[in-house]
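Take numbering that gives the first Met the number 0: the final residue in the sequence shown is number 805, and no numbers are missing along the way. We put the CB at the ideal spot given by N, CA and C, even for glycine. It should be emphasised that the depicted structure is a prediction, and the values quoted were computed from it without experimental measurement. The structure under discussion appears below in the form of structure tokens.
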Amino acid sequence: MTELEQWFAQEGWTPFPFQRDTWRAWAAGESGLVHAPTGTGKTLAAWGGIVTEAAHQAPPPLSYLWITPLRALATDTTRNLNRPLEAIDAPWRVEQRTGDTSSSIRARQRRKPPPALVTTPESLSLLLTYADARERLARVRGVIVDEWHELLGSKRGVQLQLGLARLRAWNPGLRTWGLSATLGNLAEARDALLPAGAGGRLIRGVSPKRVDVDLVLPEDIERFPWAGHLGVRLLPQVLTAIEAARSTLLFTNTRSQAELWFSAIQACAPGWSTAVHLHHGSIDREERDRAEAALADGTARCVVATSSLDLGVDFSPVDQVIQVGSPKGVARLLQRAGRSGHQPGAVSRILCVPTHALEIVEAVAARRSIAAGRIEGRTVPKRCLDVLAQHVVTCALGGGFHAESLRDEARTCDAFRDLTDADWNWVLEYVTSGGTALRGYPEFQRVTRAADGRYVVASRRIATMHRMSVGTITSDAAIAVQWVKGGRLGHVEESFIARLKPGDRFLFSGRTLELVRVRDLVAQVRRARGRTGTVPRWQGGRLPLSTELADAVLDTFVGWDDLAVAHPELGTLAPLIDEQRSRSRLPAPTELLVEHCFSREGFHLFVYPFAGRLVHEGMAALLARRLNRQRPSTFSVTANDYGFELLTNRTDTWVRDEALLREALAPERLLADVRDTLNASEMARRRFREIARIAGLVFQGYPGRGKSTRQVQASSALIFDVLQRFDPDNPFLGQAESEVLEAELEYARLAATLEQLRQRRLVVIDTQRLTPLSFPLWADRVRQTLSTEDWQARVRRALDGLEGAA
Numbered sequence: 000m001t002e003l004e005q006w007f008a009q010e011g012w013t014p015f016p017f018q019r020d021t022w023r024a025w026a027a028g029e030s031g032l033v034h035a036p037t038g039t040g041k042t043l044a045a046w047g048g049i050v051t052e053a054a055h056q057a058p059p060p061l062s063y064l065w066i067t068p069l070r071a072l073a074t075d076t077t078r079n080l081n082r083p084l085e086a087i088d089a090p091w092r093v094e095q096r097t098g099d100t101s102s103s104i105r106a107r108q109r110r111k112p113p114p115a116l117v118t119t120p121e122s123l124s125l126l127l128t129y130a131d132a133r134e135r136l137a138r139v140r141g142v143i144v145d146e147w148h149e150l151l152g153s154k155r156g157v158q159l160q161l162g163l164a165r166l167r168a169w170n171p172g173l174r175t176w177g178l179s180a181t182l183g184n185l186a187e188a189r190d191a192l193l194p195a196g197a198g199g200r201l202i203r204g205v206s207p208k209r210v211d212v213d214l215v216l217p218e219d220i221e222r223f224p225w226a227g228h229l230g231v232r233l234l235p236q237v238l239t240a241i242e243a244a245r246s247t248l249l250f251t252n253t254r255s256q257a258e259l260w261f262s263a264i265q266a267c268a269p270g271w272s273t274a275v276h277l278h279h280g281s282i283d284r285e286e287r288d289r290a291e292a293a294l295a296d297g298t299a300r301c302v303v304a305t306s307s308l309d310l311g312v313d314f315s316p317v318d319q320v321i322q323v324g325s326p327k328g329v330a331r332l333l334q335r336a337g338r339s340g341h342q343p344g345a346v347s348r349i350l351c352v353p354t355h356a357l358e359i360v361e362a363v364a365a366r367r368s369i370a371a372g373r374i375e376g377r378t379v380p381k382r383c384l385d386v387l388a389q390h391v392v393t394c395a396l397g398g399g400f401h402a403e404s405l406r407d408e409a410r411t412c413d414a415f416r417d418l419t420d421a422d423w424n425w426v427l428e429y430v431t432s433g434g435t436a437l438r439g440y441p442e443f444q445r446v447t448r449a450a451d452g453r454y455v456v457a458s459r460r461i462a463t464m465h466r467m468s469v470g471t472i473t474s475d476a477a478i479a480v481q482w483v484k485g486g487r488l489g490h491v492e493e494s495f496i497a498r499l500k501p502g503d504r505f506l507f508s509g510r511t512l513e514l515v516r517v518r519d520l521v522a523q524v525r526r527a528r529g530r531t532g533t534v535p536r537w538q539g540g541r542l543p544l545s546t547e548l549a550d551a552v553l554d555t556f557v558g559w560d561d562l563a564v565a566h567p568e569l570g571t572l573a574p575l576i577d578e579q580r581s582r583s584r585l586p587a588p589t590e591l592l593v594e595h596c597f598s599r600e601g602f603h604l605f606v607y608p609f610a611g612r613l614v615h616e617g618m619a620a621l622l623a624r625r626l627n628r629q630r631p632s633t634f635s636v637t638a639n640d641y642g643f644e645l646l647t648n649r650t651d652t653w654v655r656d657e658a659l660l661r662e663a664l665a666p667e668r669l670l671a672d673v674r675d676t677l678n679a680s681e682m683a684r685r686r687f688r689e690i691a692r693i694a695g696l697v698f699q700g701y702p703g704r705g706k707s708t709r710q711v712q713a714s715s716a717l718i719f720d721v722l723q724r725f726d727p728d729n730p731f732l733g734q735a736e737s738e739v740l741e742a743e744l745e746y747a748r749l750a751a752t753l754e755q756l757r758q759r760r761l762v763v764i765d766t767q768r769l770t771p772l773s774f775p776l777w778a779d780r781v782r783q784t785l786s787t788e789d790w791q792a793r794v795r796r797a798l799d800g801l802e803g804a805a
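Right, here's the structure in full:
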């Protein structure tokens, strides 16, 4: 029995078969992916082989790297990795190095590297920029990538693929293991982590963990729902649930929602003031640390959080998770549920709090998908030339490279397995000369060719600027929020603060604040009386309904009568469902339901593809454009996760022509029409700013002297215009358009949906009034055109009229 197995026995544990399989695979020099539910021992499965391998003798410096997607996970992960080492009295320990690590610790680690390091993809890239990178990192025996599913579908995952390829070039025997939960496309995820075509192990963990999905239900459910109107009306039931549990994590989908719910809980339960915490990515790190510590030691009654606490951290005292609003995806719900019962054999519990009646259907649909094991996959990005360009400069800094060797190295990555010589040569020309349009500007000539044929960075200034820009995380420029007399609270996006003037109040970090002034990218504030104020808006709040969950919702409508017996929560929606059936019909997977009606506003066309908000926004604009070609009209467009509305003031019957509607929804000429309809060039201009930042075309400034969003926008827009005029075939321009199509329209899903709609039966129903499915779309459009009070009053009047007619 090994020391590790003895420690398991002392703790009263028995290793799971998948843990033993992983230990044996590690000892055999294999690589692969471990997939197991959250809280079932993935960490010890991956770490156990290393503990056994180096139980008695300290490994050489930097023998093992543990990659975590979030800096917030590093401290907890380091503690968990050191625990078995301490238990078996191993003569070495794990350290961490992230953006939060102090400069003195980083300096000490450079002088005396630890045997194992917990770090992030960005920090690994930084390590690769030092001249002695090969000398220091060539001894790495193994890399563990935690929460690989979280990195897989982003440019951060591409950045990590390139970093791993660099390590493998220096050490061909490198073992690489990924850890993942809540993922559908496992084989693709494994292949993206390992060298292209190399294969590897796929080890599945224990059988699916039991997850209980319950719902909080309002006392009265209106037959005509409208998004968000329940809001914090369910707060009493939520407070009762919090009081009944020892410790609760309450998740929201946006930071704005988190601020509102935290403020509401504080106002209604003042006795919990020191036991309720707020946690999201814009809050200062000290505040987040206090919330995490309170969760870990069991003193937190409730922590209101966003995705900042979705991953990895072991909060065993948490016995209840609450999800406010639709989870939008099965994997997201599973991931969050796994924060409770975070240990083998324990049950994970999540309580869903709907913000409108139809989210009850989504919660039940997610429950059914979990039971059936239907989970979304992640799309793996390809051909991200901006990330490759950044990596090339990183390698030039890190001791230099030979062009052919680095090209072949990149091709071992899944993201670049089809990298052409033309693309590679263009990237090389870009980093050395700036490319066709920018070769006259010295600042873009970052890499030079040395006498021995190696490509290197000779400028110290360029080296400094590159190290400060390493990474692929981009967002709106951040404005620090701090007290007038000092003391930092966190940061909000500049676009939000730009709308405020001194004296305006806003909610942030659980406080009502008054803006005093903005100076040097710092918003100085003081406490404001009262608890009302504007809530900051953050980018990334428009999560579309996933394909898996949308399909599950449609299936739920189809089997409604039987499912309402098995899931009593659906029975509470009987008045809504009966009203939808009487005025129209329930949607089905084999049909495309279309409703239309006239009102004083004009002609309303409602279409329900059930493909998610982003697809519907693109489809609605496309349909309006194509119909307008038939006969010039003006359309107002509104979309949600279930469908979209077109409103026109025309009253003739041509817009009711089913053949015309079929033609307008055809997938032919889709790309050309999307470009024409949505001004894709202007959207690509905005997307280009992110590519420019990653590729090093623009510099966001030195610490304390960062550029404003306006300055960065101006710089990137100027370069965009220059490239369009003098280098129209520049690959970054094409990449910007491709990313816009996927990020803002989900173009691939839009194309697939149109193909599916071609096969569906078209069901067109002329309704006399709004239906329960169309009312939320109408209400959203009214909200976009009126102030909060006017909007709510108008929706209430319309609702009273519909209820009276019903």
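So, under 8 Å CB-CB, residue i and residue j are touching, yes? Tell me the CB distance rounded to an integer number of Å.
{"i": "residue 292", "j": "residue 326", "result": "Rounded, the Cβ-Cβ distance is 27 Å, inconsistent with contact."}
{"i": "residue 297", "j": "residue 316", "result": "4 Å"}
{"i": "residue 169", "j": "residue 133", "result": "6 Å"}
{"i": "residue 57", "j": "residue 114", "result": "6 Å"}
{"i": "residue 374", "j": "residue 333", "result": "7 Å"}
{"i": "residue 319", "j": "residue 306", "result": "Contact doesn't hold; Cβ gap of about 18 Å is too wide."}
{"i": "residue 120", "j": "residue 95", "result": "Between residue 95 and residue 120 the Cβ distance is about 14 Å, and since that is not below 8 Å, they are no contact."}
To which residues of the same chain is residue i closer than 6 Å at the C-beta, ignoring the five residues directly before and after it?
{"i": "residue 583", "result": "594, 764, 766 and 770"}
{"i": "residue 24", "result": "200"}
{"i": "residue 203", "result": "34"}
{"i": "residue 3", "result": "47, 50 and 51"}
Would DSSP call residue i helix, strand or coil?
{"i": "residue 61", "result": "coil"}
{"i": "residue 16", "result": "helix"}
{"i": "residue 550", "result": "helix"}
{"i": "residue 354", "result": "coil"}
{"i": "residue 472", "result": "coil"}
{"i": "residue 454", "result": "strand"}
{"i": "residue 29", "result": "coil"}
{"i": "residue 141", "result": "strand"}
{"i": "residue 156", "result": "helix"}
{"i": "residue 92", "result": "coil"}
Can you tell me the Cα-Cα spacing of residue i and residue j, whole angstroms?
{"i": "residue 664", "j": "residue 618", "result": "8 Å"}
{"i": "residue 570", "j": "residue 608", "result": "24 Å"}
{"i": "residue 154", "j": "residue 267", "result": "42 Å"}
{"i": "residue 466", "j": "residue 53", "result": "33 Å"}
{"i": "residue 451", "j": "residue 443", "result": "22 Å"}
{"i": "residue 215", "j": "residue 321", "result": "10 Å"}
{"i": "residue 136", "j": "residue 414", "result": "23 Å"}
{"i": "residue 661", "j": "residue 587", "result": "18 Å"}
{"i": "residue 309", "j": "residue 329", "result": "14 Å"}
{"i": "residue 384", "j": "residue 667", "result": "29 Å"}
{"i": "residue 263", "j": "residue 231", "result": "8 Å"}
{"i": "residue 81", "j": "residue 575", "result": "55 Å"}
{"i": "residue 126", "j": "residue 380", "result": "24 Å"}
Count the other C-beta atoms from every protein chain shown that fall within 10 angstroms of the C-beta of residue i, then say buried if there are 16 or more, exposed otherwise.
{"i": "residue 208", "result": "buried"}
{"i": "residue 440", "result": "exposed"}
{"i": "residue 67", "result": "buried"}
{"i": "residue 526", "result": "exposed"}
{"i": "residue 6", "result": "buried"}
{"i": "residue 631", "result": "exposed"}
{"i": "residue 346", "result": "exposed"}
{"i": "residue 408", "result": "buried"}
{"i": "residue 539", "result": "With a pLDDT of 44 at residue 539, under the threshold of 50, the modelled position of that residue is not reliable, and no figure is offered here."}
Counting only the same chain and skipping the five closest in sequence on each side, list residues whose C-beta sits under 7 Å from that of residue i.
{"i": "residue 657", "result": "761 and 763"}
{"i": "residue 193", "result": "30, 175 and 199"}
{"i": "residue 709", "result": "With a pLDDT of only 48 at residue 709, under the threshold of 50, the placement of this residue in the model should not be trusted; the figure read from the coordinates follows. Excluding residues within five positions, none has a Cβ falling inside 7 Å."}
Can you give me the Cβ contacts of residue i inside the same chain, cut-off strictly under 8 Å, excluding the 5 residues immediately before and after it?
{"i": "residue 725", "result": "435 and 436"}
{"i": "residue 616", "result": "636, 638, 643 and 744"}
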